[in-house]
Amino acid sequence: MDSQKMKYIPGPDTISTLTLENGATVLSFSNLNSRSIYMIGILNGGGVLDPSEKTGLAHFTANLLSRGTENLSFSDFHNQLESAGANLVFSCGSKHAWFRGKALAEDVELLFRLSSDSLQKPSFNQEYIGRLRNQLIAGLTIRDQDTSEMASLLLDRYLFPDHPYGQPIDGYIETIQSITRSDILQFHNQVYSPADMIIVVAGAVDGQEIRDLSEKYFSTWNVDTTAQSKNPLIPPPPANIIRKHSFIEGKSQVDLLMGCFSPVRTSSDYMPVSIGNNILGQFGLMGRIGKVVRSKSGLAYYASSSVSAWSDVGTWDFSAGVNPENVEKTIDLIREEIKQFVKSPVTDQELDNSKSLLIGRMPISLESNAGLANAILSMQRFKLGFDYYQKYTGLINSITAKQILTASQRYLHPDRLVIASAGPGEEIK
Amino acid sequence: MNSLANKHILENGLTILTKEIHHAPLISHWIWYRVGSRNEIAGKTGVSHWVEHMQFKGTPKYPINVLDAAISKVGGYWNAMTYLDWTTYYETLPADKAPIAIDLEADRMVNSVFDKKETELERTVIISEREGNENDPMFRLGEATRSAAFDQHPYAQQVIGEMKDLRTISRNDLYNHYQQYYTPGNAVLAVAGDFKTEDLIKELTQKYADIPIRGVSPQIKVTPENEIGESEQITVEGHGDTVYVQISYRAPKATDDDFFSLVVLDSLLTGPASLSMFGGGGISNKTSRLYKKLVENDLSVNISGGLQATIDPFLYDILAITSPEKNTQLIIKSITEEIDRIQNNSVSQAEIDRAIKQAKALFAYGSESITNQAFWMGYSSMFADHTWFDTFISNLEKITKNQILSAAQRYLDPNHRIIGIYRPSPKENY
Numbered sequence: 021m022d023s024q025k026m027k028y029i030p031g032p033d034t035i036s037t038l039t040l041e042n043g044a045t046v047l048s049f050s051n052l053n054s055r056s057i058y059m060i061g062i063l064n065g066g067g068v069l070d071p072s073e074k075t076g077l078a079h080f081t082a083n084l085l086s087r088g089t090e091n092l093s094f095s096d097f098h099n100q101l102e103s104a105g106a107n108l109v110f111s112c113g114s115k116h117a118w119f120r121g122k123a124l125a126e127d128v129e130l131l132f133r134l135s136s137d138s139l140q141k142p143s144f145n146q147e148y149i150g151r152l153r154n155q156l157i158a159g160l161t162i163r164d165q166d167t168s169e170m171a172s173l174l175l176d177r178y179l180f181p182d183h184p185y186g187q188p189i190d191g192y193i194e195t196i197q198s199i200t201r202s203d204i205l206q207f208h209n210q211v212y213s214p215a216d217m218i219i220v221v222a223g224a225v226d227g228q229e230i231r232d233l234s235e236k237y238f239s240t241w242n243v244d245t246t247a248q249s250k251n252p253l254i255p256p257p258p259a260n261i262i263r264k265h266s267f268i269e270g271k272s273q274v275d276l277l278m279g280c281f282s283p284v285r286t287s288s289d290y291m292p293v294s295i296g297n298n299i300l301g302q303f304g305l306m307g308r309i310g311k312v313v314r315s316k317s318g319l320a321y322y323a324s325s326s327v328s329a330w331s332d333v334g335t336w337d338f339s340a341g342v343n344p345e346n347v348e349k350t351i352d353l354i355r356e357e358i359k360q361f362v363k364s365p366v367t368d369q370e371l372d373n374s375k376s377l378l379i380g381r382m383p384i385s386l387e388s389n390a391g392l393a394n395a396i397l398s399m400q401r402f403k404l405g406f407d408y409y410q411k412y413t414g415l416i417n418s419i420t421a422k423q424i425l426t427a428s429q430r431y432l433h434p435d436r437l438v439i440a441s442a443g444p445g446e447e448i449k
Numbered sequence: 005m006n007s008l009a010n011k012h013i014l015e016n017g018l019t020i021l022t023k024e025i026h027h028a029p030l031i032s033h034w035i036w037y038r039v040g041s042r043n044e045i046a047g048k049t050g051v052s053h054w055v056e057h058m059q060f061k062g063t064p065k066y067p068i069n070v071l072d073a074a075i076s077k078v079g080g081y082w083n084a085m086t087y088l089d090w091t092t093y094y095e096t097l098p099a100d101k102a103p104i105a106i107d108l109e110a111d112r113m114v115n116s117v118f119d120k121k122e123t124e125l126e127r128t129v130i131i132s133e134r135e136g137n138e139n140d141p142m143f144r145l146g147e148a149t150r151s152a153a154f155d156q157h158p159y160a161q162q163v164i165g166e167m168k169d170l171r172t173i174s175r176n177d178l179y180n181h182y183q184q185y186y187t188p189g190n191a192v193l194a195v196a197g198d199f200k201t202e203d204l205i206k207e208l209t210q211k212y213a214d215i216p217i218r219g220v221s222p223q224i225k226v227t228p229e230n231e232i233g234e235s236e237q238i239t240v241e242g243h244g245d246t247v248y249v250q251i252s253y254r255a256p257k258a259t260d261d262d263f264f265s266l267v268v269l270d271s272l273l274t275g276p277a278s279l280s281m282f283g284g285g286g287i288s289n290k291t292s293r294l295y296k297k298l299v300e301n302d303l304s305v306n307i308s309g310g311l312q313a314t315i316d317p318f319l320y321d322i323l324a325i326t327s328p329e330k331n332t333q334l335i336i337k338s339i340t341e342e343i344d345r346i347q348n349n350s351v352s353q354a355e356i357d358r359a360i361k362q363a364k365a366l367f368a369y370g371s372e373s374i375t376n377q378a379f380w381m382g383y384s385s386m387f388a389d390h391t392w393f394d395t396f397i398s399n400l401e402k403i404t405k406n407q408i409l410s411a412a413q414r415y416l417d418p419n420h421r422i423i424g425i426y427r428p429s430p431k432e433n434y
């Protein structure tokens with residue numbers, strides 16, 4: 021690859037960095053091939069901090085951040101954004117509150133001004149709390165009828181028993197109904213802080229402009245929060261098969277999810293397991309699992325596996341959408357593939373193919389401003405080093421079949437899985 | 005960055021569109037066929053989509069296991085989509101691996117096997133896909149509304165097809181459909197990315213020029229439908245605790261000047277939306293007229309609009325989501341009143357200018373990726389030609405207040421629309 025085209029890969033020389041006195045980190049990357057910019061930010065405020073009787077509080081709070089501020093009404097806030105063709109959305113994950121925005125490059129300051137105002141001075145207007153509550157409850161009634169969502173909730177509940185990760189980030193109808201303005205204010209005051217905030221901007225702007233805007237809009241944010249992060253102990257992995265099914269009336273198809281733990285993002289097992297997962301349930305039309313469940317047996321429109329990894333836990337999921345008559349057969353086929361996968365090393369051909377795929381995908385994933393910003397955020401969040409993507413090809417190529425087998429055996433076992441499904445069929449409690 | 009496309013036509017009729025973009029070492033290769041559910045007859049609905057699935061089942065040169073790995077092993081993304089007017093196959097991959105995509109697509113334009121056993125395996129996969137769709141109340145409502153909105157036009161059918169047809173379509177039905185429509189003269193090849201046009205055209209010519217024009221049998225005659233007849237209200241009942249209200253109006257075809265007025269009207273009523281089916285969206289709609297009227301007044305929790313660029317007049321849909329205790333007739337009345345306000349000249353030039361700025365932003369977002377650039381060239385060729393995309397913004401900028409008024413009066417007529425309501429069944433029926 022010539023040096024000109026290497027420039028699109030963010031690295032230590034091209035990522036602009038700034039750490040504010042309040043602890044916030046701001047990173048940026050200039051992509052002058054674009055006319056727009058993408059901003060992403062994370063800070064303390066994830067669902068893990070929800071009190072158990074108020075599940076969904078973090079999600080409720082994050083969603084209210086775009087419902088007006090002390091300086092701007094709901095209408096003014098959105099009028100400014102939408103008139104510029106810009107967007108700014110607040111959301112909530114397990115560990116963090118998130119904000120994501122995009123705008124034409126000429127409107128980059130708008131995103132800084134509105135995100136700063138929303139994070140620091142949300143109005144939490146009672147009228148909008150009521151309206152959002154209705155919207156969230158409507159979303160939950162739709163979720164209750166969604167076979168994929170319900171299978172996912174069931175999997176989380178039994179993979180993370182007695183742990184906040186086992187609870188839905190968007191809560192339950194009863195908990196959302198019980199959340200008051202006072203709960204929201206208290207949560208925001210106690211939790212939201214610039215101390216560990218990371219903001220990344222990618223697009224048609226230069227680093228100096230982003231550093232200046234960061235100083236202007238975020239350097240004066242200083243709060244003394246009492247509840248910072250919370251890291252409850254992750255429960256042990258499943259010791260046997262835990263089979264659960266949620267019956268939903270009037271559906272044609274069952275969504276099936278099987279899962280266990282996978283390595284954390286910073287583990288040396290992460291890369292071997294990622295490549296292994298690609299072979300098992302991603303490559304081509306969904307790897308070995310897609311081949312046996314969809315192509316050879318015609319049982320499902322989709323059948324695949326995925327690995328998700330964070331700083332404190334990772335999960336390895338196997339999913340399929342199948343006719344109710346084929347659920348048990350599909351489970352058997354997937355378990356058999358898992359059994360074979362942890363018994364023998366992957367073939368040289370499989371390994372070469374998946375390595376080649378992952379290396380080839382890197383430039384595609386870094387093509388857009390959103391892709392660039394997310395990549396930079398991962399490097400910062402998981403302390404991978406800003407040269408991670410520059411070294412990525414070497415990292416992939418260094419992984420052996422033996423490493424994949426050994427790492428996979430540590431996490432994956434055909435008889436130690438939570439198997440959750442939702443749709444037609446008798447409830448399994 | 006947004007250079008115009010180059011157009012080249014081979015002697016066998018294949019149209020090639022290319023656009024050089026050099027910011028990343030990538031190429032996106034799309035082959036588009038002018039065949040979709042518009043080209044289907046009763047009893048064979050879903051055949052175009054099933055043919056698309058069979059194109060992943062191999063050729064003598066690329067047997068199924070080789071085909072499966074060919075693009076993936078070089079790090080590419082590939083997939084296919086079937087819609088009303090078209091079917092498309094795409095690969096985005098490292099630029100130096102482009103010959104693989106070119107060879108593979110040229111090969112499966114004519115040499116797909118359509119093995120009988122594979123056909124039967126795929127039958128259950130597609131039935132499974134349809135069952136997955138049926139799990140969604142909006143699919144069931146959309147299917148019923150669409151069916152009521154057309155008398156005889158194939159747009160009445162869902163792309164995936166009717167379940168009874170999916171059980172009976174044969175291997176020969178699929179193969180005949182493939183032979184009828186997968187021919188160079190019925191295809192457009194759109195390639196964007198890091199290449200030199202002259203070299204690429206040489207390579208494409210080498211691979212595609214010898215593909216013979218097939219003996220295309222007469223295609224079905226499609227008669228466009230204009231105005232929807234008398235207004236009708238249909239109700240679909242099902243499980244759940246959510247109500248969906250969909251109002252469908254006839255929309256102009258993409259090449260009609262009025263289409264651009266509908267784009268602006270959609271933006272005013274339900275917020276800006278990208279016409280791309282392939283990303284590029286993402287502006288909220290909280291200051292749109294119907295969000296203010298319905299959501300801000302607690303009549304619904306959500307409002308959205310849907311406008312498609314199509315060969316024949318299709319539908320403009322407005323969808324509101326609400327809870328069972330809300331008055332659906334009041335929602336319908338409120339939507340009707342807001343449209344009536346527009347029809348009575350309440351649109352300002354500032355509103356139009358704002359809609360155009362939003363459209364420009366959406367285009368900027370959508371143009372970031374090489375994949376999207378190639379998508380747009382081919383996509384717009386399916387219902388117009390590639391210049392439709394290049395001139396989209398300038399056509400929007402020409403829209404006047406009077407044109408919007410006139411389009412609103414003509415297309416958003418309360419006497420010619422379909423109202424569809426999905427309502428939870430009474431609990432005692434569960």
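Chains as they are written, first to last, in the working numbering: chain Z, 21 to 449; chain U, 5 to 434. Yeah, the Cβ is synthetic: ideal placement off N, Cα and C, and Gly gets one too.
Each of N389/Z, L276/Z, G380/Z, P434/Z was checked against the Cα of A368/U, and the nearest Cα belongs to N389/Z.
Every alpha helix (DSSP H) stretch that sits fully inside the stretch 317-404 of chain U and reaches 4 residues is listed by chain position as 332-347, 353-370, 374-387, 391-394, 396-401. The beta-carbon of R358/U is placed less than 7 Å from the nearest beta-carbon of chain Z.
Excluding its 5 nearest sequence neighbours in each direction, S136/Z has C-beta neighbours in its own chain below 8 Å: Y237, F238, W241, listed in chain order. Residue pairing for F143/U: DSSP places it in no beta bridge. Chain U has a Cβ within less than 7 Å of the Cβ of G341/Z. Not a single CB atom of chain U sits nearer than 7 Å to the CB of Q100/Z. When secondary structure is reduced to three states using DSSP, G88/Z falls in the coil class, being assigned neither helix nor strand.
Cβ-Cβ distances below 6 Å link Y58/Z to K122, A222, G223, N389, A390, A393 in the same chain, with the five nearest sequence neighbours on each side left out; the list follows chain order. Along the stretch 262-284 of chain Z, the positions whose C-beta sits under 7 Å from a C-beta of chain U are E269, G270, K271, S272, Q273, read in chain order.
Closer than 7 Å to the CB of I384/Z there is at least one CB belonging to chain U.
The alpha helix (DSSP H) runs of length 4 or more contained entirely in the stretch 41-107 of chain Z are, from start to end of the chain, 77-84, 94-103. In the displayed model, G310/U falls within a strand according to three-state DSSP. Residues W380, S384 of the same chain have their beta carbon placed closer than 6 Å to that of F393/U, with the five preceding and five following residues left out of the count. Counting only residues of its own chain and dropping the five nearest sequence neighbours on each side, L208/U has a CB closer than 6 Å to the CB of I20. Beta-bridge partners assigned by DSSP to A258/U: none are found.
Across the stretch 171-199 of chain Z, no CB contact with chain U closer than 7 Å is found for any residue. In terms of Cα proximity to E348/Z, the closest of A442/Z, D332/Z, K403/Z, I419/Z is A442/Z. When DSSP states are grouped into helix, strand and coil, E241/U belongs to the strand group.
For L30/U, the enclosing beta strand (DSSP E) begins and ends at 30-37. Non-local C-beta neighbours of F110/Z in its own chain, meaning closer than 6 Å and more than five positions away in sequence, comprise A82, L85, S86, F119, ordered along the chain. As computed with DSSP, A442/Z is found in a beta bridge with S266/Z, D275/Z. Leaving aside the five residues that flank P29/U on each side, the residues in its chain whose CB is nearer than 8 Å to its CB run, in chain order, P98, A99, D100, D198. In summary, N139/U is buried, with 16 or more beta-carbon neighbours lying within 10 Å of its beta-carbon over all protein chains present. Contact annotation for D111/U against chain Z: no contact, minimum CB-CB distance about 17 Å [criterion: below 8 Å].
In this structure E147/Z is exposed. Its beta-carbon is surrounded by fewer than 16 other beta-carbon atoms within 10 angstroms. Contact of E387/Z with chain U is assigned, a C-beta pair being separated by under 7 Å.
Each of L101/Z, D244/Z, E229/Z was checked against the Cα of N209/Z, and the nearest Cα belongs to D244/Z. If you check the CB distance, A365/U and G105/Z come in under 7 Å.
By a beta-carbon distance limit of 8 Å, P444/Z does not contact V211/Z. Their separation comes to about 41 Å.
Beta-bridge analysis with DSSP links R421/U to Y253/U. Distance from the CA of I199/Z to the CA of G191/Z, rounded to the nearest whole angstrom, comes to 10 Å. Among the CB atoms of chain U, none fall inside 7 Å of the CB of I149/Z.
The straight-line gap separating the alpha-carbon atoms of H116/Z and L205/Z is approximately 17 Å. A straight line joining the alpha-carbon of A105/U with that of I384/Z spans about 16 Å. Within the same chain, G186 come within 7 Å of R177/Z by CB-CB distance, once the 5 residues on both sides are set aside.
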